[in-house]
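Q: Could you have a look at this structure, given as structure tokens, before my questions?
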Amino acid sequence: MNVLLRKTGNSTVITIPKQIKELLGAEVGEEIEFVTSEDTVIIKKAEPKFDFDKELKKAMQQYDGLLKDLVDK
Numbered sequence: 684m685n686v687l688l689r690k691t692g693n694s695t696v697i698t699i700p701k702q703i704k705e706l707l708g709a710e711v712g713e714e715i716e717f718v719t720s721e722d723t724v725i726i727k728k729a730e731p732k733f734d735f736d737k738e739l740k741k742a743m744q745q746y747d748g749l750l751k752d753l754v755d756k
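Count along the sequence shown from 1, add 683, and you get the number used in the numbering used here.
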């Protein structure tokens, strides 16, 4: 499968075909990784990075009622 390199501003971009996006299991907004070796490039879904603040916020929302009950005791 071939895709065309395009110019957008100061960047060169490619469009990832729908079939490849689905094969990767990637969604818009997620990171992909380019792994290079000599003249070969492998495109793969990047491992998600642990976001402490995001996980803390999620836990605080999940346990909000419980935490408030503990404070009130």
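Idealized CB from N, CA, C, for every residue including glycine. As the structure is a prediction and not an experimental result, all values here were calculated from the model.
#1: Put isoleucine 715 into one of helix, strand or coil per three-state DSSP.
#2: Tell me whether the beta-carbon of valine 686 lies closer than 8 Å to the beta-carbon of threonine 698.
#3: May I have the straight-line CA-CA distance separating aspartate 736 from glycine 748, to the nearest angstrom?
#4: Under 7 Å Cβ to Cβ from methionine 684, same chain only, skipping five residues before and after it: list those, please.
#5: Which two residues bound the contiguous alpha helix (DSSP H) that contains valine 754?
#6: From glycine 712 to aspartate 755, what distance separates their C-alpha atoms?
#7: State the start and end residues of the unbroken beta strand (DSSP E) segment that holds isoleucine 726.
A: Quick answer:
#1: Numbered from 1 along the sequence shown, position 32 holds the residue referred to as residue 715. Looking at isoleucine 715 - three-state DSSP - the assignment turns out to be strand.
#2: As a working note, residue 686 is residue 3 in the sequence shown. As a working note, residue 698 is residue 15 in the sequence shown. Going by C-beta atoms, valine 686 is nearer than 8 Å to threonine 698.
#3: As a working mapping, residue 736 is identified with position 53 in the sequence shown. As a working mapping, residue 748 is identified with position 65 in the sequence shown. Rounded to the nearest angstrom, the two C-alpha atoms are 20 Å apart.
#4: Taking the first residue of the sequence shown as 1, we reach residue 684 at position 1. Within the same chain, methionine 684 has close Cβ partners Pro700.
#5: The sequence position of residue 754 within the sequence shown is 71, counting from 1. Residues 747–755.
#6: By 1-based counting over the sequence shown, the position of residue 712 is 29. By 1-based counting over the sequence shown, the position of residue 755 is 72. C-alpha separation (whole angstroms): 41 Å.
#7: The residue given as residue 726 occupies position 43 in the sequence shown. Unbroken beta strand (DSSP E) run through isoleucine 726: 723–728.
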